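So the sequence shown is numbered by my numbering: it starts at 113 and just counts up by one. For each residue, glycine too, the CB sits at the ideal point set by N, CA and C. What you are looking at is a predicted structure, and each value in this text was computed from that prediction instead of being measured.
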Amino acid sequence: MAFPQMIADDRSPLPVRPPRLGGAMTSGSAEVFRDALRRSVPLIILCALLGVIVINGLEQLRGPRYAADAGVLVSTSQLGEILTGTQPSFVDPQRVQDTAQELASTPSIYEDAARGRAIGTPAQLRGATSVTTGTNSDVLTFHSSATTERRAVQTVNAVASAYTRFRSQLAQSSVAAAATQLQQSIDKLPAGSGERPALQRQLDRLHVLQSLPSSDALLVAPATSAGQTSPSPVRDSVLGLSLGLVIALLAIAVREAVDTKVRSDSAIEEVLSAPVIASIGTLPRGTRLIAPNRGNGAFTESYAMLAAQLSPDASPDGPTQMIAITSALPNEGKTTTSANVAVALARRGQRVLLADFDFRKASLGDVFGLPHDTHGALQVLDGSHSLDAMLREVDLDALLSSSSRNGRVPLQMEGTLLLLAAGGTVNPQDAPRPDQLLWLARALRDRADVIVIDTPAALLTVEMSEIARLVDAVVVVVRQGRITQRSLRSLGRQARGWEAEIAGAVVTDTPTEAGHYAYGPR
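In structure tokens, the structure reads:
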């Protein structure tokens with residue numbers, strides 16, 4: 113490839129690069145969580161609806177259920193202890209209630225309740241009955257459920273009555289055991305012993321207790337009716353909704369753990385150590401250049417604000433700025449961003465030159481409707497055409513008005529936009545050398561106030577590392593939900609070796625709620 117001689121004579125130093133616009137960033141877990149929930153709204157709604165439907169359906173299939181309660185009073189002092197004068201100095205009521213509740217699970221109680229009654233087996237009664245105790249209360253509450261109101265009442269009363277009988281049998285057994293032991297002690301004493309009268313009086317008291325219905329548990333509130341507990345549409349719907357939300361949150365957590373795509377501004381800022389300076393929403397289908405009409409007002413403003421941040425000094429007497437726009441991978445929107453930023457800079461009254469340095473996959477010419485065989489930078493580098501002959505002034509007023517759906521819109525543009533197409537595509541081994549790019553970059557600086565360069569994908573080519581030596585700042589375009597965290601970290605490590613600083617990141621394909629709202633008359 114022929115190479116112009118003017119490179120040997122052009123040894124002027126590159127302009128001083130502007131300072132970095134942003135410092136190190138930290139990720140915001142709240143932003144990540146919010147974005148995850150926003151993306152998962154359909155999943156959350158689906159799981160919630162399925163939960164409501166499934167729980168209500170299961171309850172309907174199971175049929176109606178009824179519940180009844182019965183109360184049993186449990187005394188902290190046994191009758192035998194009162195009559196014999198053997199009461200302890202202190203009795204812990206809570207311990208008494210805990211013991212009484214534990215005794216309610218004794219299998220013999222349910223065997224007694226089921227005996228002679230057609231209300232179910234002991235195991236069925238045990239499964240349908242629960243026992244609770246209230247705070248500062250001596251009453252045990254038995255709860256039973258069944259498929260009919262009558263069965264629920266019969267079950268809870270049978271179990272509560274069996275419990276009182278069980279407690280009475282325990283008391284009788286204790287008195288009988290004590291009487292037997294005391295009788296054995298009396299029989300061992302010799303005739304005429306002085307201890308015999310006292311022991312005999314105690315034995316007589318025990319005989320009296322054996323003849324009394326001594327029980328420390330009494331059924332005080334038998335069940336007379338039962339209420340329907342299910343199906344309960346309101347309760348079942350709340351339960352199904354809660355279950356569905358839990359399942360949805362678990363599914364979201366699993367998906368976010370597996371999904372490594374970059375979706376938050378904070379993650380981009382942290383890896384690149386540069387701020388997100390613009391968020392561009394999803395462009396209308398087939399749209400590359402944004403026409404400044406009412407329908408595209410939000411996009412127009414986004415690119416205008418981006419241009420203002422990249423080139424705050426609109427004076428033509430200021431130093432030329434050269435900005436490279438790149439991305440980690442293809443199809444992230446760098447060419448579209450380059451074109452629209454160049455247009456926005458021109459609308460600010462500046463002389464802008466937009467150059468396509470993506471010689472492997474040139475597409476900037478397609479954005480402006482140029483033929484595929486249009487000559488450009490490659491022909492300048494091989495010496496077959498001059499640079500000035502390859503620069504094309506774009507009639508933005510006509511171009512953008514023709515793309516507007518609302519008809520022609522006068523733009524009243526004061527600046528100028530020059531376009532340098534790539535001039536075709538080349539194989540990697542035929543790509544321009546670094547010294548050629550250096551010459552071309554220096555030659556471009558004399559022809560515009562701001563130069564915007566569309567570059568190849570940084571992770572797939574070596575050209576971006578060379579271009580970073582020529583420009584003043586780099587803008588990284590990141591398409592939300594496309595690039596993985598691993599690829600972004602690779603780009604961040606590569607960018608630390610660039611001579612040009614990253615001015616910021618532009619996030620494309622962002623949701624509308626991220627801030628793309630039109631402001632003005634409708």
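Can you name, in chain order, every residue of its own chain whose Cβ lies under 6 angstroms from the Cβ of Ile389, other than the five neighbours on each side? Once the five neighbours on either side are set aside, the close Cβ partners of Ile389 are Gln421 and Gly616.
Three or more C-beta pairs under 8 angstroms: does that hold for the stretch 209-220 against the stretch 374-385? The stretch 209-220, when compared against the stretch 374-385, does not touch it at the 8 angstroms Cβ threshold.
So if DSSP puts Leu185 in a beta bridge, which residue, or which two residues, is it bridged to? Looking at the DSSP assignment, Leu185 forms a beta bridge with Val251 and Leu330.
Same chain only: Cβ atoms within 6 angstroms of Val562, ignoring 5 sequence neighbours per side: Hits under 6 angstroms: Ser423, Gln433, Leu457, Gln462 and Val464.
Coarse secondary structure for Ser257, derived from DSSP in three states: In the structure shown, Ser257 falls within a strand segment according to DSSP collapsed to helix, strand and coil.
According to DSSP, Ile93 sits in a beta bridge with which residue or residues? For the chain, the structure presents residues 113 to 634; residue 93 sits outside this window and is missing.
Cross-strand partners of Leu529 (DSSP beta bridge): Bridge partners of Leu529: Val464.
Please decide whether Cys159 counts as near chain C, where near means a Cβ-Cβ distance under 7 angstroms. Checking the listed chains, one finds no chain C in this structure; it contains a single protein chain.
Just verifying my parser: in three-state terms, what is the DSSP assignment at Ala179? Correct three-state label for Ala179: strand.
Tell me the rounded alpha-carbon separation between Ala365 and Val184. In this structure, the CA atom of Ala365 is about 48 angstroms from the CA atom of Val184.
Compute the Euclidean distance between the alpha carbons of Ala240 and Gln281, then round it to the nearest angstrom. Looking at the two C-alpha atoms, the distance is approximately 24 angstroms.
Please determine if the stretch 261-275 and the stretch 283-303 are in contact, where contact requires at least 3 C-beta pairs separated by less than 8 angstroms. The way I'd put it, the stretch 261-275 doesn't touch the stretch 283-303; fewer than three beta-carbon pairs between them come closer than 8 angstroms.
Kindly confirm or deny that the stretch 593-612 and the stretch 489-506 touch, where touching means at least three C-beta pairs closer than 8 angstroms. Between the stretch 593-612 and the stretch 489-506, the count of Cβ pairs shorter than 8 angstroms is below three; the stretches do not touch.
State yes or no: is the C-beta of Ser391 within less than 7 angstroms of the C-beta of Thr596? The answer is no: Cβ separation not under 7 angstroms.
Collapsed DSSP secondary structure at Arg520 in the structure displayed: Because the pLDDT of Arg520 is 45, which lies under 50, any placement of that residue in the model is unreliable, and the number read from its coordinates should be weighed accordingly. It is coil, neither helix nor strand.
To test your reading of the DSSP string, which unbroken beta strand (DSSP E) runs of 3 or more residues are found completely within the stretch 574-628? Scanning the stretch 574-628 for uninterrupted beta strand (DSSP E) segments of 3 residues or longer gives 585-591 and 613-622, listed from N- to C-terminal end.
Taking all protein chains shown into account, do 16 or more other C-beta atoms lie within 10 angstroms of the C-beta of Gly609, making it buried, or fewer, making it exposed? Gly609 should be labelled exposed.
Per-residue DSSP class, three states only, for Glu505: When DSSP states are grouped into helix, strand and coil, Glu505 belongs to the strand group.
Using three-state DSSP, classify Lys473 as helix, strand or coil. DSSP places Lys473 in coil when its eight states are reduced to three.
Three-state secondary structure (DSSP) of Gly398: Assigned with DSSP and collapsed to three states, Gly398 falls in coil, not helix or strand.
C-beta atoms of Phe254 and Val243 nearer than 7 angstroms: The Cβ atoms of Phe254 and Val243 sit closer than 7 angstroms to each other.
Could you name the residues of the same chain whose beta carbon sits closer than 6 angstroms to that of Ser139, not counting the 5 residues immediately before and after it, in chain order? Bear in mind that the predicted position of Ser139 carries a pLDDT of just 45, short of 50, making it unreliable; the figure below should be weighed with that in mind. Here the set comprises Ser378, Ala379 and Glu382.
Can you tell me whether DSSP reads Val388 as helix, strand or coil? In this structure, Val388 counts as strand in the three-state DSSP scheme.
State the Cα-Cα distance for the pair Ile565 and Val370, rounded to the nearest angstrom. As the crow flies, the alpha-carbon of Ile565 is around 36 angstroms from that of Val370.
Identity of the residue in Gly339, Leu149 and Ala510 nearest Arg177 by Cα: The option with the nearest alpha carbon to Arg177 is Gly339.
Tell me the rounded alpha-carbon separation between Leu191 and Leu353. At Leu191, the pLDDT of 48 sits below 50, so the modelled position is not reliable; the number obtained from the coordinates is stated separately. Annotation: Leu191 to Leu353 spans about 52 angstroms, alpha carbon to alpha carbon.
If Thr448 sits next to Val586, beta carbons under 8 angstroms apart, how far is it from one beta carbon to the other, in whole angstroms? Contact annotation, Thr448 with Val586: C-beta distance approximately 17 angstroms; criterion of less than 8 angstroms not satisfied.
Return helix, strand or coil for Val374, following the three-state DSSP convention. Coil, per DSSP.
Give the DSSP bridge partners of Gln340, in chain order. For Gln340, which the question treats as bridged, DSSP gives the partners Tyr178.
Can you tell me which of Val186, Leu237 and Thr341 puts its alpha carbon nearest to the alpha carbon of Val332? Out of Val186, Leu237 and Thr341, the CA that lies nearest to the CA of Val332 is found in Val186.
Judging by CA-CA distance, which residue of Ala489, Leu482, Pro483 and Gly481 is the nearest neighbour of Arg472? Among Ala489, Leu482, Pro483 and Gly481, the Cα nearest to that of Arg472 is on Ala489.
Take the Cβ of Asn408 as the centre, count every other Cβ of all protein chains shown within 10 Å, and call the residue buried at 16 or more, exposed below. Around the Cβ of Asn408, a 10 Å sphere holds 16 or more other Cβ atoms; the residue is buried.
Which of the three DSSP states is assigned to Ser498 in this structure? Coil at Ser498, not helix or strand.
Asp494 versus Ala474, Asp547 and Phe480, residue with shortest Cα-Cα distance: Nearest of Ala474, Asp547 and Phe480 to Asp494, Cα basis: Asp547.
Taking the alpha-carbon positions, what's the Ala360 to Asn168 distance? Approximately 18 angstroms between the Cα atoms of the pair.
Excluding the 5 residues flanking Gln172 on each side, which residues of the same chain have their C-beta closer than 6 angstroms to its C-beta? The residues are Pro343.
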